[in-house]
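Numbering follows full-length UniProt numbering, with no gaps: position 299 of the sequence shown is 299. Glycine included, every Cβ here is placed at the ideal spot set by N, Cα and C. Below: the structure, in structure tokens.
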Amino acid sequence: MTFWPVSAASERQPLTQPSFRRALVLFPLAAVLLLLAGCGPGGEAAQKKPPPEPPPAPEPAEAPPLEEEPAGRVVGVGPAPEGIVADSETGLVAVALRNPNELALVDGGSGETVRRVGLPESARHLGLAGPGGPVLVPAEGSDSFVRVGLPGGEILGETPVGDFPHNAAALPDGRIFVVNEKASTASMVEDGREVETVETDLKPGGVAVTEGGLVGVIAVQGLTLEVFEADTLDSVGRVDAGEGPTHVKAGTGNRFYVTDTRGDAVFVYGARPEPEQLDRVPLPGSPYGIAVDPGRGHLWVTLTARQQLVQFDLEGDSLREITRYPTVRQANTVAVDPASGRVFVTGKTDGQLQILDPR
Numbered sequence: 001m002t003f004w005p006v007s008a009a010s011e012r013q014p015l016t017q018p019s020f021r022r023a024l025v026l027f028p029l030a031a032v033l034l035l036l037a038g039c040g041p042g043g044e045a046a047q048k049k050p051p052p053e054p055p056p057a058p059e060p061a062e063a064p065p066l067e068e069e070p071a072g073r074v075v076g077v078g079p080a081p082e083g084i085v086a087d088s089e090t091g092l093v094a095v096a097l098r099n100p101n102e103l104a105l106v107d108g109g110s111g112e113t114v115r116r117v118g119l120p121e122s123a124r125h126l127g128l129a130g131p132g133g134p135v136l137v138p139a140e141g142s143d144s145f146v147r148v149g150l151p152g153g154e155i156l157g158e159t160p161v162g163d164f165p166h167n168a169a170a171l172p173d174g175r176i177f178v179v180n181e182k183a184s185t186a187s188m189v190e191d192g193r194e195v196e197t198v199e200t201d202l203k204p205g206g207v208a209v210t211e212g213g214l215v216g217v218i219a220v221q222g223l224t225l226e227v228f229e230a231d232t233l234d235s236v237g238r239v240d241a242g243e244g245p246t247h248v249k250a251g252t253g254n255r256f257y258v259t260d261t262r263g264d265a266v267f268v269y270g271a272r273p274e275p276e277q278l279d280r281v282p283l284p285g286s287p288y289g290i291a292v293d294p295g296r297g298h299l300w301v302t303l304t305a306r307q308q309l310v311q312f313d314l315e316g317d318s319l320r321e322i323t324r325y326p327t328v329r330q331a332n333t334v335a336v337d338p339a340s341g342r343v344f345v346t347g348k349t350d351g352q353l354q355i356l357d358p359r
């Protein structure tokens, strides 16, 4: 029998102590490198990184104590007034109150409260279906939309809508567009029933309708203005609306005016053929409440941080400031009577209503 010699190269060599130490170092290093590769730009961990949280919804500035007497007349109206509309046909001003949740109907000439109407929940914004009413009341906590008749104050109907209805506006054909802030939807109400729902950008807080039937919706957390066709509810387009928009009003010529409360500005938008920014007017002082007097071509904006009401002239695609008036404290909402031009401002802190006849 022949025995072949075993070569030195084929002999199994024992693992020496230095080699063993090198292995102990290299194995953990390889594991770390694999982990870092998984966390790189194309790694699974990076892909699962949650998107950044949207900014909080903007709020009005907390008003400091008054330094000037408010212009015009000031009357008591009830606790925490916020949300107001003025009806030219009846001469009544509707004001939303809290604790208890009521709608005060005020004579716009004398300032006397002529009637109080109980509401199912509080409202921060009001709308008007047209001259003579009814008043449109999004009762936020009840997830319902209420219609209140004028001048009698009767409840004409209560319609279940989406989560936390915040604002409402009437379309030219009588349908009502209600934005539901916490649901990020809008409800179309017809004949007292919700007949259709459309998705909006994050947390819709303001809505307005042009004479031409375009609906503008402000998303207070999405930071956009989106425009819808009233007939079809199709979206015409969506544009940026500043750093913290809160409210929108419609003007003539398919214009929308937006208060950028966090960004201290007022924006002017055109809506045809698609929404576009026409102007940005800097307005320090936390602009919040907004109202349009289309017949006189005026825009009114409250500055909650400065206790001021600013009057603008609507000059085509831009705004020209006319004058300023000192207001009641915490002037969150403003309305104008289109017949007389009289302006009404709510003072939330002291439960007051300011009645102003512009110069």
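| request: Let me know if G232 comes out buried or exposed under the rule of 16 or more other beta-carbons within 10 Å of its beta-carbon. | output: It is Thr, not Gly, that sits at residue 232 in the sequence shown. A residue is called buried once 16 or more other Cβ atoms fall within 10 Å of its Cβ, and T232, having fewer, is exposed.
| said: For the pair the segment 199-207 and the segment 132-148, tell me if three or more CB-CB distances fall below 8 Å. | reply: no
| message | Report the CB separation of N254 from G212 in whole angstroms; it is logged as a contact under 8 Å. | response | 5 Å
| Is G149 helix, strand or coil when you go by DSSP? | In the three-state scheme derived from DSSP, where H, G and I count as helix and E and B as strand, G149 is classed as coil.
| field | Cβ-based burial, N180 [other Cβ within 10 Å; buried from 16] | value | With 16 or more Cβ atoms within 10 Å of its Cβ, N180 is classed as buried.
| request: Measure from the alpha carbon of F312 to the alpha carbon of each residue in Q330, L150 and V292, then state which is nearest. | output: For F312, the nearest C-alpha among the options comes from V292.
| Which residue spans inside the segment 210-251 form an unbroken beta strand (DSSP E) run of at least 3? | For the segment 210-251, the full-length beta strand (DSSP E) segments reaching 3 residues or more read 214-219, 224-229, 235-240 and 245-251 along the chain.
| task | Classify D122 as helix, strand or coil using the three-state DSSP reduction. | result | The amino acid at residue 122 is misidentified as Asp; the sequence shows Ser. Reduced to three states, the DSSP call for S122 is coil.
| field | Strand pairing of T113, partner residues [DSSP] | value | V106
| query | Whose CA, out of D350, E89 and E315, lies closest to the CA of L278? | reply | Ranking the options by Cα distance to L278, first place goes to E315.
| If you pair each beta-carbon of the segment 149-167 with each one of the segment 115-133, do three or more pairs fall below 8 Å? | yes
| said: With the cut-off set at 8 Å, would you say G285 and A331 are in Cβ contact? | reply: For G285 and A331, no; Cβs fall outside 8 Å.
| query | Roughly how many angstroms separate the alpha carbons of P81 and V334, rounded to a whole number? | reply | 11 Å
| message | If you measure between the beta carbons of F322 and R73, is that distance less than 8 Å? | response | Reading off the sequence, residue 322 comes out as Ile, not Phe. With contacts defined by Cβ atoms closer than 8 Å, I322 and R73 do not form a contacting pair.
| query | Is F27 buried or exposed, if buried means 16 or more other CB atoms sit within 10 Å of its CB? | reply | With a pLDDT of 44 at F27, under the threshold of 50, the predicted position of this residue should be treated as unreliable, and no value is reported.
| For A139 and N167, the rounded distance between their alpha carbons | Our two residues, N167 and A139, have alpha carbons roughly 9 Å apart in a direct line.
| query | In this structure, what does DSSP give as the bridge partners for V161? | reply | Its beta-bridge partners do not exist; DSSP assigns none.
| message | Taking 8 Å as the cut-off, does the segment 59-78 touch the segment 99-112 (at least 3 CB pairs, one atom from each stretch)? | response | yes
| Would the beta-carbon of D260 fall within 8 Å of that of P245? | yes
| request: Put Q352 into one of helix, strand or coil per three-state DSSP. | output: Note: Q352 maps to strand in three-state DSSP.
| field | Cβ-Cβ distance between R124 and A96 below 8 Å | value | yes
| said: Quick check on the DSSP output: what are the complete beta strand (DSSP E) runs of length 3 or more inside the segment 260-303, in order along the chain? | reply: Secondary structure remark: continuous beta strand (DSSP E) runs of at least 3 residues inside the segment 260-303, in chain order: 265-270, 276-282, 287-293 and 298-303.
| Neighbourhood of D234 by C-beta, 8 Å cutoff - its chain only, sequence neighbours within 5 removed | F228
| field | G111 vs L319 beta-carbon contact at 8 Å | value | No, the Cβ-Cβ distance between G111 and L319 is not below 8 Å.
| query | Apart from the five residues just before and just after T349, which ones in its own chain have a Cβ nearer than 6 Å to its Cβ? | reply | R329 and Q330
| Cβ of residue 360 within 8 Å of Cβ of P282? | The chain is shown only over 1 to 359; residue 360 falls outside these bounds and no answer can be derived.
| field | Own chain, CB closer than 7 Å to R280, minus 5 neighbours either side, in chain order | value | Cβ within range, chain order: A265 and F267.
| query | Considering only the beta carbon of each residue, do A271 and V236 sit closer than 8 Å? | reply | yes
| field | Residues of its chain near R175, where Cβ-Cβ distance is below 7 Å and the 5 sequence neighbours each way are ignored | value | Excluding positions up to five away in sequence, the list reads M188, V189 and E190.
| Grouping DSSP H, G and I as helix and E and B as strand, with all else coil, what is G141? | G141 falls in the helix class under three-state DSSP.
| said: Taking its Cβ as the centre, do 16 or more other Cβ atoms sit within 10 Å of G40, making it buried, or is it exposed? | reply: Low confidence applies here, because G40 scores a pLDDT of 47, under 50, leaving its location unreliable and the question unanswered by this model.
| said: Closest to residue 381 by C-alpha separation, out of P79, D87, T113 and E89, would be which residue? | reply: Nothing can be reported for residue 381, as the shown portion of the chain is limited to 1 through 359.
| Residue range of the beta strand (DSSP E) that includes D313 | Q308 to E315
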